[in-house]
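**Q** Pasting a structure here, questions to come.
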Amino acid sequence: MLPDAIELHPLTLKSPTMVGIPGSKSITNRALILAALSTETTKIQGALWSEDTQVMIDCLKSLGFKISIEADPLEPSNRTLTIQGEGGNIPRGGNPSSPLELYVGNAGTAARFLMAMLCLGEGVYRLSGVNRMHERPQAELVQSLRELGYRIDTPNDRLPLVIHGQGPQPGNACKASVRESSQFASALLLCASVGQWQVQMPQGALKEAPYVGMTQHIARQFEGRTKATYQVEPDSSSGSYFWAMDHLVHSVQAGQANHIQVASWPSSEWQIDTRFPKVLPLPSTLSRERDLGDSILTAMVVAPWADQPVRFEDLGRLRVQECERVFAMKTELHKCGVKVEEEKDTLIIYPGPVHGAVIDTYEDHRIAMCFSVLGTVVPGIIIRHPGCVKKTFPNFYQKLASPPPYGLGMTLTLPGKTLSLSSETLIA
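Following our numbering, the residues of the sequence shown are numbered contiguously, the last one being 431.
Structure (structure tokens):
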């Protein structure tokens, strides 16, 4: 259990490190939906075991899917999952007077993917989550599902909502949207084959929403597979923090010969954030739509060490994620003395000195991990509520504190204290 706040002390990298990272959340939750809808039993290896994936697994179990869970021999935050497909059927469902209740927390992938999947059932289902999940947009997906002929009851096009499953709707068509979230289109594509839907993608969707391309690749893998085992790639968004730490350590510590590397870096390029190492040192402009996914937040904390101001563009979707991330990044960088300007959905971050600060995380795993990157080179970085990393990377701080060659050997303490926290205690 992580404490309420931790202080990170700058890293002295005494030997090379090769850090392993957990499986991709995006791939894990897509694979779970496709495995549940398939006609076979699927073994998913390297699956992320975190809050977001556990929410998905719990919902699938509540729906009657049989899932077994085994430890992963290589990564403590991964599991091997075996799921028995039901051939497009959903074993359990409620009725109008007593819908089957499903809780999705603040997991956007679980909420959106399940919305589409539940339409394929024959029962009535109620989806709900935390308050922030109830604020996040769903209207465009609700509209698409209604175009397909399904009944979705919601007074404001947000969660909580009630879905009346009607099974496949052969030949029915809808338009997908990626304007507010690419997860809307991904949800439809994951279920389109079983639902026999015709899903019309917006022009340029793959260029603007690379996660949709990931969905299409994984769906094709499941349709054409010849074996019952599926391997999940490591999560490139989670790996971006360690590439950024290596970059900053070498920017600040002249003559540093040792490096931080990420083990088994994905090579498929399905994950847009596999590009992250290639954008270091940072260019003058980066786009959330074209260049990077969640790792654009990691790039923002590196920007004060860039050779020129860096424009971070197309950030609109960041405002409706786990927190209002544009506001959060601007606010917390200001606390650290960084000059940041906001122009609509663009942040301009200027190079300059950075000092320590108490960082609010807004219950957002990405904010916590991004600003922990600063702690490798900036004294006095204190992260409040670091336990939010359980959403995608429960042992992140353990990786920082564990000794090389598989950890960084950083000193993490309670704020203002000198006694190091044991790495065994640093799991969310």
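Glycine included, C-beta positions come from ideal geometry on N, C-alpha and C. Being a predicted model, the structure only gives us computed values, none of them experimental.
1) Looking at the secondary structure, which residues open and close the beta strand (DSSP E) in which L130 lies?
2) Leaving out five residues before and five after G319 in sequence, what residues of the same chain have Cβ atoms less than 6 angstroms from its Cβ?
3) When you compare each of K342, D249, I299, E335 to P312 by their alpha carbons, which one comes out closest?
4) Straight-line CA distance for D61 to P356?
5) Can you give me the Cβ contacts of V329 inside the same chain, cut-off strictly under 6 angstroms, excluding the 5 residues immediately before and after it?
6) Expressed to the nearest angstrom, what Euclidean distance is found between the alpha-carbon atoms of F225 and L37?
7) Measure the alpha-carbon distance for I44 versus E89 and round it to whole angstroms.
8) Can you give, in chain order, each stretch of the alpha helix (DSSP H) that sits fully within the segment 92 to 148 and has at least 4 residues?
9) Pick out whichever of T428, V215, T83, D55 has its Cα sitting closest to the Cα of Y233.
10) Take P237 as the anchor and find which of G227, R228, D276 has the nearest alpha-carbon.
11) Should G126 and L103 be called a contact, given that it needs their Cβ atoms to be closer than 8 angstroms?
12) Pull the bridge partners of N81 from the DSSP assignment, please.
13) Using the rule of at least 16 other Cβ atoms within 10 Å of the residue's Cβ for burial, across every protein chain shown, is Q401 buried or exposed?
14) Determine the DSSP secondary structure at T301, reduced to helix, strand or coil.
15) Among residues of its own chain, excluding the 5 on either side of R139, which ones have a beta-carbon nearer than 6 angstroms to its beta-carbon?
16) Measure the C-alpha to C-alpha separation of G3 and H358 and round it to an integer number of angstroms.
17) Within the segment 199 to 229, note down every full alpha helix (DSSP H) run reaching 4 residues or more, in order along the chain.
18) For V392 and T20, what's the separation of their Cα atoms in angstroms?
19) Under 8 angstroms between the Cβ atoms of T218 and S189?
20) Could you compute how far the alpha carbon of A8 sits from the alpha carbon of A119?
21) Grab the span of the beta strand (DSSP E) containing S71 for me, first residue to last.
22) Consult DSSP for R314 and reduce its assignment to one of helix, strand or coil.
23) From this set, V376, H253, A257, which residue's C-alpha is nearest L336's C-alpha?
24) Could you tell me whether the segment 157 to 173 touches the segment 298 to 311, using the rule of 3 or more Cβ pairs below 8 angstroms?
25) In terms of DSSP beta bridges, what is Y153 paired with?
26) With DSSP as the reference, label Y244 as helix, strand or coil.
27) Please name the residue, chosen from M4, E10, L5, G23, that lies closest to L411 on a Cα-to-Cα basis.
28) Which residues does DSSP list as the beta-bridge partners of C440?
**A** In terms of the structure at hand:
1) Note, L130: beta strand (DSSP E), 127 to 131.
2) Excluding sequence neighbours, G319 sits near D348.
3) Each of K342, D249, I299, E335 was checked against the Cα of P312, and the nearest Cα belongs to K342.
4) Going by the C-alpha atoms only, they are around 46 angstroms apart.
5) Excluding its 5 nearest sequence neighbours in each direction, V329 has C-beta neighbours in its own chain below 6 angstroms: L318, L321, R322, listed in chain order.
6) Taking the straight line joining both Cα atoms gives about 7 angstroms.
7) Checking the sequence shown, residue 44 turns out to be Thr, not Ile. When rounded, the distance between both Cα atoms is 9 angstroms.
8) If one requires a minimum length of 4 residues, the alpha helix (DSSP H) runs lying completely within the segment 92 to 148 are 111 to 121, 134 to 138, in chain order.
9) Y233 has its Cα closest to that of T83, out of T428, V215, T83, D55.
10) Cα-wise, what sits closest to P237 is D276.
11) By the CB criterion at 8 angstroms, G126 and L103 fall inside the cutoff.
12) Looking at the DSSP assignment, N81 forms a beta bridge with L51.
13) Label assigned to Q401: buried.
14) In this structure, DSSP gives T301 a helical state, which the three-state scheme calls helix.
15) Hits under 6 angstroms: V323.
16) This structure does not reach residue 3, given that the chain is present from 4 up to 431, and the question cannot be answered.
17) Runs found: 208 to 211, 213 to 227.
18) Taking the straight line from one Cα to the other gives about 22 angstroms.
19) In this structure, S189 lies closer than 8 angstroms to T218 by Cβ.
20) A119 has its alpha-carbon roughly 38 angstroms from the corresponding atom of A8.
21) Note, S71: beta strand (DSSP E), 70 to 74.
22) Strand at R314.
23) Among V376, H253, A257, the Cα nearest to that of L336 belongs to V376.
24) Contact between the segment 157 to 173 and the segment 298 to 311 is absent, because fewer than three Cβ pairs lie under 8 angstroms.
25) Answer is none; Y153 lacks a bridge partner.
26) Three-state DSSP puts Y244 in a helix.
27) If we check each option's Cα against that of L411, G23 comes out closest.
28) No answer is possible for residue 440: it lies beyond the span of the chain, which begins at 4 and ends at 431.
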